[in-house]
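Visitor:
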Ligand SMILES: [Zn+2]
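Numbering (the working numbering), first residue to last: 2 to 304.
#1: Any contact between the region 160 to 176 and the region 208 to 225? By contact I mean 3 or more CB pairs, one from each, below 8 angstroms.
#2: Does the separation of the CB atoms of residue 273 and residue 117 fall below 7 angstroms?
#3: Is residue 217 near ligand 1, with its Cβ less than 6 angstroms from a heavy atom?
#4: Excluding the five sequence neighbours on either side, which residues of its own chain have a C-beta within less than 6 angstroms of the C-beta of residue 213, listed in chain order?
#5: Considering only C-alpha positions, which residue in the set 56, 119, 103, 237 is nearest to residue 23?
#6: Between the C-alpha atoms of residue 67 and residue 284, what's the straight-line distance to the nearest angstrom?
#7: Can residue 106 and residue 129 be called in contact, C-beta distance under 7 angstroms?
#8: Can you round the beta-carbon distance between residue 85 and residue 10 to whole angstroms, since I take them to be within the 8 angstroms contact cut?
#9: Do you know offhand how far residue 253's Cα is from residue 2's?
#10: Going by DSSP, name the residue or residues bridged to residue 7.
#11: Using C-beta distances below 8 angstroms, list every residue in its chain close to residue 289, excluding the 5 sequence neighbours before and after it, in chain order.
#12: Leaving out five residues before and five after residue 281 in sequence, what residues of the same chain have Cβ atoms less than 7 angstroms from its Cβ?
#13: For the beta strand (DSSP E) holding residue 151, just list the boundary residues, first then last.
#14: According to DSSP, what are the bridge partners of residue 144?
#15: Along the chain, where does the alpha helix (DSSP H) that runs through residue 230 open and close?
#16: How big is the Cα-Cα spacing for residue 53 and residue 246?
#17: With residue 79 as the anchor, note down where its alpha helix (DSSP H) starts and where it stops.
#18: Among the candidates 69, 43, 233, whose CA atom is the shortest distance from the CA of residue 77?
#19: Suppose the cutoff is 6 angstroms on Cβ atoms and the five residues either side in sequence are ignored; what does the same chain contact list for residue 234 look like?
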């Protein structure tokens, strides 16, 4: 399999606008904070225009259409240029490094393991990855229209960060290509199992889809942290559990903290599934649900 890595100014501009608009729960508030710190607070006109953009994004997510419809984009050109001129060099450097490293290592075994786990064959000969802006020390990934976007301009170039990015790429690769069977399984599970109590949680109220949450929790039991993160990308979740980390998880209940909690707690089970070549099943979902419950009740006690 070949990885095709790209950096595009236009894609970054569109991402910049979308992220500033906060139209979706996946928008990164921390990126906006840094960008606005560097370019000044939003004016009331800009705020009004971003509200308009949020409305537009509810109806279209297609980049070309969006740019055509969003007339006020020039209002943000200067801000974007300031950030872009600062960050583009690091994105270009990451592009080179990722192109070389991703195509150098052989990920066949990892892909086989993921295919068994997700009961789906991975058939694509190549994977496109576009690199986007982030903020200092922050990394995020996302899939849009089957393409993987990695937000990584805030990461210094080094081996540790390279492994982190690779691990996030494989997480997104599963979302983009391997989840069809697991989606069906989750639908069946949700029909059978009474999960009403989880609809009261802060996490559900934000994301509003049990299926989406369960997909994230399954995948993050393996990648980017969890068992496969450790096996292939030197992740050190099990070693990094310490008091301040526990405090953070306890004081701030959100999906990414829950993901880390579950990856930590389900590590032995995830390892067992991979070693026994067992696909995701109702038993695995039951374990996820019981850990989610444990997290909601008292994460500190259970660690
Ligand atoms: Zn994900």
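Ideal placement from N, C-alpha and C gives every residue a C-beta, glycine not left out.
Guide: For this structure:
#1: At 8 angstroms Cβ cutoff, the stretches touch.
#2: no
#3: Checking every heavy atom of ligand 1 against the Cβ of residue 217, one is found closer than 6 angstroms.
#4: none
#5: 56
#6: 43 angstroms
#7: no
#8: About 7 angstroms separates the two Cβ atoms, so the contact holds.
#9: 39 angstroms
#10: 131
#11: Excluding the 5 residues flanking it on each side, residue 289 has same chain C-beta neighbours closer than 8 angstroms at 215, 218, 219, 222, 263, 267, in chain order.
#12: 118, 119, 183, 186, 219
#13: 148 to 152
#14: Under DSSP, the beta-bridge partners assigned to residue 144 are 149.
#15: 227 to 234
#16: 38 angstroms
#17: 78 to 105
#18: 43
#19: 164, 167, 168
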